[in-house]
Each structure stands twice: as structure tokens, then as C-alpha cells.
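Per the working numbering, the sequence shown starts with residue 902, numbered consecutively.
Down below is the structure, laid out as C-alpha cells.
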Amino acid sequence: MSLPAQRRMGLSGGTELAYVTAGDPSNPALLLLHGFPSSSRTFRDIIPGLARVAYVIAPDLPGHGQSDVPPTPSFAAISEAISELLAHLVIGRRFIYVHDWGTAVGLQIAIQAPELVSGLIIQNANAHRTGFGPLVGRRIEVLVRTDKRERNGRNPRPDL
902 MSLPAQRRMG LSGGTELAYV TAGDPSNPAL LLLHGFPSSS RTFRDIIPGL ARVAYVIAPD
962 LPGHGQSDVP PTPSFAAISE AISELLAHLV IGRRFIYVHD WGTAVGLQIA IQAPELVSGL
1022 IIQNANAHRT GFGPLVGRRI EVLVRTDKRE RNGRNPRPDL
């Protein structure tokens, strides 16, 4: 097992992303996404224990901790940065832990490649529509419109 190591990588947009890795890369990957306003230091006390059974990746989300602010801050830009990190580390299947603000980022990553998600660990999560991306956003809008029609008496649901 490797000890937690603080690292940095250059992103395609010209900014840098700070992250911590720990554990054996042959173990299942566990991506830890922190909330607002925080950083990977949130997990400093639990990373050593988790690293005994998982390869832990804990980034400072762009604009937080030691990571640079993205040129155009958005959940999509932050999700893209974390996806770049996962590609850089050659992470295939992974468990994703999300908390607070990290939820929109983690869910967007999961929706973009559900076949790579072994599981989601969700704690005190806020799921913002902007974090879901355009495809899921359109699906949500369809569901909202359908629900409104049903509540207004059009297209009523049968009683169950």
C-alpha cells in the first residue's frame, strides 16, 4: 500500500489540478469528491484506512484547495477536469463517493460512463440540474412537464 501522495497535473485547458492518491492501483478505485467550501483535506483522516482496500483518488475540485480555478467555472467544466484526471491515472471501473457540491460533479461523471461505475456512495448530497448535463437535463424537463400535466388533470394517472 502506498502512503497518501499529494500530486498535481496539467489539464487541457491550461490550469492545474491538485489531487491525492493512496493505496495499491490494482485494488478497486475509489474517487472521493468533496463538498463546498472544502478540499481533499476533508478526507485526510480516512484515506489511510481506505487505502488498505482501495486505490483512493481524492482531487481538490477545480477552484478549491490547491487546484486552479477553471477558465469558465461550471459543474460541466469541473466534471471534465475530474474525467481528465481519471483518464490520466488510467482508472477504469470505480466507486464514487459524493458529498454536498461534489454530487453534481460525481453524478455527471457517472451518467457519462455508467459502465465504469461500480457503485455510488452518497452523503448529504445536493443534485443540481446543471450537474447532470444536457441529455439528462432534457429528460428531467420531459418528466417535469409530464408531471405538471398529470397534476392539472390532463393525462391523469390511474389509481393504484
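Backbone N, C-alpha and C define an ideal beta-carbon position, used for all residues, glycine too.
CB of residue i within 8 Å of CB of residue j, strictly
{"i": "S940", "j": "G966", "result": "yes"}
{"i": "I979", "j": "L962", "result": "yes"}
{"i": "L934", "j": "A982", "result": "no"}
{"i": "L990", "j": "I958", "result": "yes"}
Reduced DSSP category for residue i - H, G, I as helix; E, B as strand; rest coil
{"i": "I992", "result": "coil"}
{"i": "A952", "result": "coil"}
{"i": "P905", "result": "coil"}
{"i": "L1061", "result": "Model confidence at L1061 stands at a pLDDT of 34, short of 50, so the residue's coordinates are unreliable and nothing is read from them."}
{"i": "S941", "result": "helix"}
{"i": "T922", "result": "strand"}
{"i": "N1056", "result": "With a pLDDT of 47 at N1056, under the threshold of 50, the modelled position of that residue is not reliable, and the figure given next carries that caveat. If DSSP states are grouped into helix, strand and coil, N1056 belongs with coil."}
{"i": "I1023", "result": "strand"}
{"i": "G1003", "result": "helix"}
{"i": "A885", "result": "Given that the chain is displayed from residue 902 to residue 1061, the structure contains no residue 885 and the question cannot be resolved."}
{"i": "I979", "result": "helix"}
{"i": "L987", "result": "helix"}
{"i": "F930", "result": "What sits at residue 930 in the sequence shown is Ala, not Phe. A930: strand per DSSP, three-state reduction."}
{"i": "I997", "result": "strand"}
Member of the options whose CA lies at the smallest distance from the CA of residue i
{"i": "A977", "options": "G1007, H1000 and V991", "result": "G1007"}
{"i": "G993", "options": "L931, P905 and G924", "result": "L931"}
{"i": "Y998", "options": "Y956, D969, S927 and S975", "result": "Y956"}
{"i": "P905", "options": "G914, G911, P926 and S913", "result": "P926"}
{"i": "M910", "options": "A923, P929 and P960", "result": "P960"}
{"i": "A1011", "options": "N1025, H1000 and F996", "result": "F996"}
{"i": "R908", "options": "R942, H1000 and S975", "result": "R942"}
{"i": "S975", "options": "A1026, P929 and Q1009", "result": "Q1009"}
Whole-Å CB distance - residue i paired with residue j, under 8 Å assumed
{"i": "F937", "j": "W1002", "result": "4 Å"}
{"i": "P971", "j": "G924", "result": "The pair is not a contact, with the Cβ atoms about 27 Å apart (cut-off 8 Å)."}
**Asked** For the segment 947-959 against the segment 1009-1024, are there 3 or more C-beta pairs whose distance is under 8 Å?
**Response** no
**Prompt:** When the Cβ atoms of the segment 917-929 are set against those of the segment 977-995, are three or more pairs found closer than 8 Å?
**Reply:** yes
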